[in-house]
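Remarks on the structure that follows.
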Amino acid sequence: MAYRDVYEGWKADPEGFWMQAAGQIDWDQAPSRAYFDQGPAGEWFADARVNTCWNAVDRHVEAGRGDQLAIIHDSPITHSDRGITYRELRDRVASLAGALRAKGVDKGDRVIIYMPMVPEAVEAMLACARIGAVHSVVFGGFAAHELAVRIDDATPKAIIAASCGLEPGRVVHYKPLLDKAIEQAAHKPDFCVIFQREQEVAQLTPGRDVAWHEFQFGVEPADCVPVEGNHPSYILYTSGTTGQPKGVIRHTAGQLVALNWTMKNIYGIDAGDVFWAASDVGWVVGHSYICYGPLIAGATTIVFEGKPVGTPDAGTFWRVIQNHKVKSFFTAPTAIRAVKREDPNGELIKDYNLSSLQAVFLAGERADPDTIQWLEDQLRLPVIDHWWQTETGWAIASNPFGIENMPIKKGSPSVAMPGYDVQILDEAGHPVAPGTLGAIAIKLPLPPGTLPTLWNAEDRFRKSYLGHYPGYYETGDAGYVDEDGYLYIMARTDDVINVAGHRLSTGAMEEVLASHPAVAECAVIGVADKLKGQMPVGFLCLKKGVTTPEDQIRSEVVAMVRDQIGPVAAFKTACIVDRLPKTRSGKILRATMVKIADGETFKTPATIDDPEILTEITTALGGIGLPAKG
């Protein structure tokens with residue numbers, strides 16, 4: 001079947017579509033139907049009974065594939081890699097789950113996981129799933145205050161942490177951060193399990209902390225505990241506009257059905273294939289496509305402890321793909337831009353045999369056409385941008401590679417996936433014509449695997465996502481759909497700027513800037529202007545080895561925007577900077593840059609990769625007279 005047939009089949013019979021997809025899951029008690037009109041936005045397979053860990057681990061052992069690798073840990077930072085089979089994974093997870101249960105962790109209890117990119121992080125997630133505990137992974141090395149906020153919100157019975165994380169050239173001390181967070185938090189966990197790494201052995205707090213291996217010694221392994229279909233699998237905190245993080249919930253059954261469907265139909269992955277998502281377990285990509293998705297599908301997943309550049313060079317991605325015979329590779333556009341900046345001619349790519357690779361998938365930040373073109377030219381393979389959110393848990397729009405490799409339109413994440421009825425709305429909530437910029441919304445109900453609500457914050461869920469456009473989920477992104485049904489994500493709704501009454505997309509301007517041969521990466525923000533309301537300002541990071549004078553580059557990009565978008569954009573100012581402020585997942589912190597440019601007070605985002613960059617941005621803006629005094 002072609003994509004259009006599959007999508008129209010879902011639209012004609014969503015209930016039948018998802019019940020058929022549910023047939024790929026092992027149920028303790030099969031659902032009587034797919035959709036339940038209950039809760040603030042509906043629930044999926046709510047009356048089923050099922051266990052995630054069984055579906056991700058045990059059933060593959062039972063099916064005779066216990067000797068297949070489930071996890072490959074590749075760590076260029078520690079110069080090591082090792083494999084764990086499905087049978088070994090089952091035994092390790094059952095042991096940890098049994099130890100948690102022996103210490104009083106039961107179905108519904110919360111466990112915070114604060115770990116680097118080691119297999120034990122995935123094992124901790126699966127151990128919670130095995131006994132019905134609800135895990136909340138907090139990005140390893142997150143600031144103590146932010147961890148404390150999450151401890152108070154999730155009220156965990158236990159915290160599982162590592163002694164340290166490793167970055168190129170430095171050790172990140174997790175245990176002191178954890179101790180400080182527990183000290184700050186009003187809620188105190190009953191106990192903490194500490195995975196001691198050889199690079200740093202942490203001091204344990206007597207009576208509270210227990211070492212990973214001692215914790216499991218002599219304990220009875222736990223069997224899988226069936227839970228209700230609408231039992232929370234996990235809470236994942238995403239940054240909220242109020243400063244209070246939003247705890248996105250994922251229900252167990254919907255996650256199983258949706259992620260299993262995506263592995264084959266979006267990523268073209270079957271049992272036994274090797275899949276690599278170069279992300280972190282602290283982010284939604286790590287939940288969906290390092291831990292759960294590949295394992296539910298019976299594939300081999302890679303846990304990578306390294307960086308796209310610097311561990312040791314811009315060839316590390318290609319080494320991993322070659323050595324482990326990766327079939328589909330998923331990363332962020334910002335990672336590819338970093339590789340491109342270090343190796344603009346792709347010389348390092350030529351050193352590796354990438355014959356196993358069938359496609360590259362990009363998500364997390366808008367993939368500019370220039371980056372996609374560069375990667376296509378280097379790899380001679382499909383490079384597929386796809387779009388989703390922490391809240392949705394899987395792709396809203398993609399090129400469904402496993403169904404049909406549709407024509408790629410650069411700048412578009414392609415088409416809506418089954419389950420998502422995507423609409424472009426004006427401010428009043430009316431659908432707009434093709435090609436017209438508007439707010440991207442999804443007609444309710446959302447599909448399985450998406451958020452049913454927020455943790456202990458149903459009113460906030462309704463207000464944040466359902467209040468603006470009744471009957472729709474508001475994505476917070478702006479864009480348009482073309483005549484062929486291809487979706488274009490142009491900016492966050494907040495990043496659509498108003499220049500003298502004209503609504504303009506910063507993403508469209510960034511696309512133009514990124515096409516300049518000297519530019520490796522860029523961002524455009526709208527700054528306050530007394531005359532025109534807002535004016536665009538561009539930030540450019542240049543490729544290595546560029547010798548063109550900076551003034552010439554600035555004048556050329558200004559001319560390019562004028563030529564390709566028009567004088568209406570009023571684009572006159574571009575700063576050249578060494579780097580852009582980003583979250584650890586690679587998203588550019590445009591809203592913070594706007595506050596700096598407008599002279600507003602701002603709070604350094606908890607997710608920022610390097611706070612020092614904000615000083616560099618302030619200096620660059622000062623060089624062009626911003627913020628304007630008075």
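Going by UniProt numbering, the sequence shown opens with residue 1, and the numbers climb by one from there. Beta carbons: idealized from backbone N, C-alpha and C, even for Gly. Note that the structure is predicted; figures quoted are calculated from it, not measured.
For residue 151, the three-state DSSP class (helix, strand or coil): Residue numbering aside, residue 151 sits at position 151 when the sequence shown is read from its first letter. Judged by DSSP in its simplified three-state form, residue 151 adopts helix.
Whole alpha helix (DSSP H) elements within the region 554 to 616, 4-residue minimum: As for any alpha helix (DSSP H) of minimum length 4 sitting wholly inside the region 554 to 616, the runs are 590 to 597, ordered along the chain.
Coarse secondary structure for residue 630, derived from DSSP in three states: Position 630 of the sequence shown, counting from 1, holds the residue named residue 630. Residue placement at residue 630 is flagged as unreliable, the pLDDT there being 38, under the threshold of 50; the coordinate-derived value follows with that caveat. Reduced to three states, the DSSP call for residue 630 is coil.
Residue range of the unbroken beta strand (DSSP E) whose run includes residue 523: In the sequence shown, residue 523 corresponds to position 523, counting from 1. Looking at the DSSP string, the run of the beta strand (DSSP E) that includes residue 523 is 519 to 529.
Short Cβ contact (9 Å threshold) for residue 42 with residue 445: As a working note, residue 42 is residue 42 in the sequence shown. As a working note, residue 445 is residue 445 in the sequence shown. Going by C-beta atoms, residue 42 is nearer than 9 Å to residue 445.
Pick from 481, 439, 151 that is closest to residue 416, judged by C-alpha positions: Locating residue 416 in the sequence shown gives position 416, counting from the first residue. Among 481, 439, 151, the Cα nearest to that of residue 416 belongs to 481.
Pairwise C-alpha distance: residue 581 and residue 603: As a working mapping, residue 603 is identified with position 603 in the sequence shown. As a working mapping, residue 581 is identified with position 581 in the sequence shown. So the two alpha carbons sit approximately 14 Å from each other.
Neighbour-count burial assignment, residue 263, 16 or more Cβ in a 10 Å radius: Sequence index remark: in the sequence shown, residue 263 carries index 263 (1-based). The residue is buried, with at least 16 neighbouring Cβ atoms inside 10 Å.
Buried/exposed call for residue 456, threshold 16 Cβ in 10 Å: For the purposes of this step, residue 456 is taken as residue 456 along the sequence shown, with counting starting at 1. Residue 456 is exposed by the Cβ-count criterion.
contact_flag[the region 429 to 449, the region 290 to 309] where n(CB pairs < 8 Å) is 3 or more: Inter-segment contact for the region 429 to 449 and the region 290 to 309 is absent: fewer than three beta-carbon pairs are separated by less than 8 Å.
Contacting residues, own chain, Cβ-Cβ under 6 Å from residue 278 (five flanking each side not counted): On the sequence shown, position 278 is the one that residue 278 refers to. The beta carbon of residue 278 is closer than 6 Å to those of 304, 331 in its chain, skipping five residues each way along the sequence.
For residue 51 and residue 44, the rounded distance between their alpha carbons: Position 44 of the sequence shown, counting from 1, holds the residue named residue 44. Position 51 of the sequence shown, counting from 1, holds the residue named residue 51. Their backbone Cα atoms lie some 15 Å apart in a straight line.
Check whether residue 185 and residue 148 have beta carbons under 9 Å apart: As a first step, residue 185 must be located in the sequence shown, where it is residue number 185. As a first step, residue 148 must be located in the sequence shown, where it is residue number 148. Yes, these two residues count as a Cβ contact at 9 Å.
Burial state of residue 549, where buried means 16 or more other Cβ atoms lie within 10 Å: Taking the sequence shown and counting its residues from 1, the one referred to as residue 549 is at position 549. Residue burial is scored here from C-beta neighbours: residue 549 has fewer than 16 other C-beta atoms within 10 angstroms and is therefore classed as exposed.
Of the residues 388, 618, 411, the one placed nearest residue 474, counting alpha carbons only: Numbered from 1 along the sequence shown, position 474 holds the residue referred to as residue 474. Nearest option by C-alpha distance: 388.
Alpha helix (DSSP H) runs wholly inside the region 36 to 95, at least 4 long, in chain order: Qualifying alpha helix (DSSP H) stretches: none in this window.
Residue 116 beta carbon less than 9 Å from that of residue 140: The residue you call residue 140 lines up with position 140 of the sequence shown. The residue you call residue 116 lines up with position 116 of the sequence shown. Contact check for residue 140 against residue 116 passes: the beta carbons are separated by less than 9 Å.
Nearest to residue 360 (by Cα), restricted to the options 347, 27, 318, 558: Working through the sequence shown from its first residue, we reach residue 360 at position 360. Of the listed residues, the one whose Cα sits closest to residue 360 is 318.
Contacts around residue 486, its chain only, beta-carbon distance under 7 Å, and the 5 residues preceding and following it disregarded: Indexing the sequence shown from 1 puts residue 486 at position 486. Within the same chain, Cβ atoms closer than 7 Å to the Cβ of residue 486 are found at 409, 412, 414, 415, the five residues on either side in sequence being excluded.
Check whether residue 395 and residue 422 have beta carbons under 9 Å apart: As a working note, residue 395 is residue 395 in the sequence shown. As a working note, residue 422 is residue 422 in the sequence shown. Contact annotation: residue 395 and residue 422 have beta-carbon atoms that are not nearer than 9 Å.
Cut-off 7 Å between Cβ atoms - residues of its own chain near residue 309, not counting five sequence neighbours on either side: Sequence index remark: in the sequence shown, residue 309 carries index 309 (1-based). Correct list, in chain order: 338, 339, 342.
Beta-carbon proximity check, residue 588 vs residue 554, cutoff 9 Å: Taking the sequence shown and counting its residues from 1, the one referred to as residue 588 is at position 588. Taking the sequence shown and counting its residues from 1, the one referred to as residue 554 is at position 554. Taking 9 Å as the Cβ cut-off, residue 588 and residue 554 do not qualify as a contacting pair.
Nearest neighbour of residue 67, chosen from 136, 517, 86 [CA to CA]: In the sequence shown, residue 67 corresponds to position 67, counting from 1. Checking every option, the nearest Cα to that of residue 67 belongs to 86.
Counted within 10 angstroms of its Cβ, other Cβ atoms place residue 566 as buried (16 or more) or exposed: In the sequence shown, the residue the question calls residue 566 occupies position 566. Under this definition residue 566 is an exposed residue.
Residue 318: first and last residue of the uninterrupted alpha helix (DSSP H) it sits in: What you label residue 318 is simply residue 318 of the sequence shown in a count that begins at 1. Where residue 318 is concerned, the enclosing alpha helix (DSSP H) stretches over 316 to 324.
Local conformation of residue 265 per DSSP, three classes: If you number the sequence shown from 1, residue 265 lands on position 265. In this structure, residue 265 counts as helix in the three-state DSSP scheme.
Residue 274 (DSSP reduced to helix, strand or coil): Locating residue 274 in the sequence shown gives position 274, counting from the first residue. Residue 274 falls in the strand class under three-state DSSP.
Chain D contact for residue 232 (CB, 9 Å cutoff): Any reference to chain D falls outside this structure, which holds one protein chain only.
Beta-carbon proximity list for residue 3, same chain, < 8 Å, skipping 5 on both sides: Within the sequence shown, the letter at position 3 stands for residue 3. Excluding the 5 residues flanking it on each side, residue 3 has same chain C-beta neighbours closer than 8 Å at 400, 403, 404, 406, 415, in chain order.
8 Å contact criterion, which residue 594 and residue 525 should meet: CB distance rounded: Here residue 594 refers to the residue found at position 594 when the sequence shown is read from its first residue. Here residue 525 refers to the residue found at position 525 when the sequence shown is read from its first residue. Yes, they are in contact, since the Cβ atoms of residue 594 and residue 525 sit about 5 Å apart, within 8 Å.
Buried or exposed by the 16-neighbour rule on C-beta atoms within 10 Å, applied to residue 163: For the purposes of this step, residue 163 is taken as the residue at position 163 of the sequence shown. Per the 10 Å Cβ criterion, buried.
Local conformation of residue 200 per DSSP, three classes: Within the sequence shown, the letter at position 200 stands for residue 200. In this structure, residue 200 counts as strand in the three-state DSSP scheme.
Length of the line joining the Cα atoms of residue 294 and residue 354: Mapped onto the sequence shown, residue 294 falls at position 294. Mapped onto the sequence shown, residue 354 falls at position 354. Taking the straight line from one Cα to the other gives about 20 Å.
Own chain, CB closer than 7 Å to residue 572, minus 5 neighbours either side, in chain order: Position 572 of the sequence shown, counted from the first residue, corresponds to residue 572. These residues qualify, in order along the chain: 558.
Nearest candidate by alpha-carbon position, reference residue 169, set 65, 463, 199, 624: Your numbering for residue 169 matches position 169 in the sequence shown. That would be 199, whose Cα lies nearest to the Cα of residue 169.
Where the beta strand (DSSP E) through residue 172 begins and ends: For the purposes of this step, residue 172 is taken as residue 172 along the sequence shown, with counting starting at 1. Note, residue 172: beta strand (DSSP E), 170 to 173.
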